[in-house]
Amino acid sequence: MKLKINSQGLKGRLKVPGDKSISHRSIMFGSIAKGKTIIHDILRGEDVLSTIEAFRALGVEIEDDGQVITVHGQGISKLKEPEKALDMGNSGTSTRLLSGILAGLPFETTLFGDDSLSKRPMDRVATPLQMMGAEIVGQTDKVKLPMTIKGSAHLKAIDYVLPVASAQVKSAVIFAALQAEGLTKVVEKEKTRSHTEEMLVQFGGEITVSDKTILVPGGQKLIGQEVTVPGDISSAAFWLVAALVVENSELILENVGINETRTGILEVIQAMGGQLEIEQDEVAKAATLKVKASQLKGTEISGDLIPRLIDELPIIALLATQVEGKTIIRDAAELKVKETDRIAVVADALNSMGANIEPTDDGMIIQGGTKLHAPENAINTLGDHRIGMMVAIAALLVENGEIDLERAEAIQTSYPSFFDDLGKLSGNL
Ligand code: S3P
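Per my numbering, the sequence shown starts with residue 500, numbered consecutively.
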């Protein structure tokens, strides 16, 4: 698709679409609980649709009346062997979390995905689930999709120190632990998003979290709930950055989820000197964010901040090209195993537009104050939704010429209404 977006400033108000991580988990918890789960404001992006289809194939009745989703859960033991292999599309979250559920079910399931997902490491979930007693065979000895999981009705609890900071791996072990005999202990090196732990409690489950140690007793039964999904801060991130860097912008973003394990980007914006107001809603963990075009300066982003903004690093890299001075991103080697190698792909895309980004082994060094121009060659998302949205926001800063964005449809993964919202907020309807 050709991108040429002129804007005199982004203006207006937007209710950002539902959080992807919470949407996946609401379907999963609803499917393994007993009783009805009603979900409001779910994200109907392709990744979440992959999760819905997977649970339908496992025998769960899931209705969508266009307003709410109703999951008719019958308890985890009622999930049944699917007739064919399950298509996980582009979704790492669907694949890894579902693996933890399948690990305790006494049948065989094969999972496969698209070209991007087929390159991503699955040994990180296979290893702990095998320790608990599941049989998992992948495409290579590093375990990639297609992967076959033969669950065991007699999973054993484990003590597991997560070798990588990954909420997906943590969640897979928690889902398996619910079905195991004994008490499972998971220790995180760095705290990652806590949605699985919080929703487990919401669905009537038992879990103890103290700092980075999580204890989950086995043999649990969950009860269906009514869930309202807050807006996705990872989607809001594109508008936050657009408003900060496009002159004369002023945006109000409503209902943005502000679970503290996800709010790293707000701290980066504040450290850079951005004009950002955060008004917390009275109930839910959501807030209204007010953001204005700002004079910004570079910062350092590293350590335990990284898991709290890992998905926002592509758009933060674009932000850093527009501030005064240098921004250094460290400790973010996990970026290399996302939907693409986001260190290389972000640096290549933005450098082809005139940015000055040095990719490093675990991050990027970004010189600010660069003027972006249309690149000579097309930019391909390589199937990575966040690369597509980053390039579209970068297009707002390009004065002359157009950007040829290939595989833009990847954006459907997490934000189907992205271009509608871009049109509205930038005055290009
Ligand atoms: C997610 C966890 C993160 C994140 C992904 C969603 C989740 O992945 O990047 O978009 O919902 O648990 P990792 O667990 O691989 O860090």
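By construction, the Cβ of each residue, glycine as well, lies at the ideal position given by its N, Cα and C atoms. This one's a predicted model, so the numbers in the text were calculated from it and none came from an experiment.
Verify the contact flag: residue i, CB atom, against every heavy atom of the ligand S3P, threshold strictly below 7 Å.
i	result
THR880	no
ALA666	yes
GLY591	yes
SER520	yes
SER530	no
ARG512	no
SER670	yes
GLU833	yes
ILE809	yes
HIS884	no
THR691	yes
LYS641	no
LYS711	no
LYS837	yes
ASP523	Note that residue 523 is His in the sequence shown, not Asp. Yes, Cβ of HIS523 sits closer than 7 Å to a heavy atom of the ligand S3P.
Between residue i and the rest of its own chain, which residues show a CB-CB distance below 7 Å, the 5 nearest in sequence each way excluded?
i	result
GLY544	LYS519, GLN911, THR912, SER913, TYR914 and PRO915
SER593	HIS523, ASP546, SER549, THR550, ALA553 and MET587
ASP731	VAL515, PRO516, GLY517, ASP518, LYS519, LEU542 and GLY756
GLY802	ASP830
ALA819	GLY797, THR826, ILE865 and GLY867
PHE674	LEU596, GLY599 and ILE600
THR760	LYS690, THR691, ARG692, SER693 and ARG807
PRO874	SER851, MET852 and ILE902
Classify residue i: buried if its beta carbon has 16 or more other beta carbons within 10 angstroms, exposed otherwise.
i	result
ASN899	exposed
SER748	buried
ARG841	buried
GLN678	buried
GLU696	buried
VAL767	buried
ALA786	buried
LYS837	buried
GLY612	buried
GLN821	buried
SER709	exposed
ASP540	buried
ARG885	buried
PRO729	buried
ASN589	buried
ASN505	exposed
VAL782	exposed
PRO813	buried
THR608	buried
THR683	buried
Excluding the 5 residues preceding and the 5 following residue i in the sequence, name in chain order all residues of the same chain whose CB lies nearer than 6 Å to its CB.
i	result
ILE827	GLU799 and ILE864
GLU905	ALA877 and ASN879
ILE537	VAL567, THR569 and GLU725
ILE856	ALA846, LEU849, ASN850, MET863 and ILE865
ILE575	ILE531
THR839	LEU881 and ASP883
ASN758	LYS784
LYS503	GLU901
GLU580	PHE606
ALA742	LEU509, SER748, LEU750 and VAL790
MET500	LEU904 and ALA907
LEU559	According to the sequence shown, residue 559 is Val rather than Leu. SER530.
Here's a check: name, in chain order, each residue in its chain whose Cβ is nearer than 8 Å to the Cβ of residue i, leaving out the five neighbours to either side.
i	result
ALA843	LYS835 and PRO858
GLU680	HIS653, LEU654, LYS655, ALA656, GLY717 and GLY718
Using 7 Å as the cut-off, classify the Cβ of residue i as near or not near the heavy atoms of the ligand GDP, replying yes or no.
i	result
ASP860	The ligand GDP is absent from the structure shown, which contains only the ligand S3P.
Do we get a CB-CB distance below 8 Å when we pair residue i with the residues of chain B?
i	result
LEU834	This model lacks chain B altogether; it includes just one protein chain.
Exercise. Within the chosen definition, does the region 626-646 reach the region 558-576 through at least 3 CB pairs nearer than 8 Å?
Worked result: No contact exists between the region 626-646 and the region 558-576.
Exercise. With contact counted as at least three CB pairs below 8 Å, one residue from each stretch, are the region 691-709 and the region 657-669 in contact?
Worked result: A contact exists between the region 691-709 and the region 657-669.
Exercise. Below 8 Å, can you find three or more Cβ-Cβ pairs linking the region 737-755 to the region 780-798?
Worked result: Look at the beta carbons and you see the region 737-755 touching the region 780-798: at least three pairs across the two are nearer than 8 Å.
Exercise. Is it true that the region 623-633 meets the region 888-896, where meeting means three or more beta-carbon pairs spaced less than 8 Å apart?
Worked result: Touching, no, given that fewer than three Cβ pairs across the two stretches are closer than 8 Å.
Exercise. Three or more beta-carbon pairs under 8 Å between the region 698-718 and the region 758-776, yes or no?
Worked result: As far as the Cβ criterion goes, the region 698-718 does not touch the region 758-776, which means the pair count is below three.
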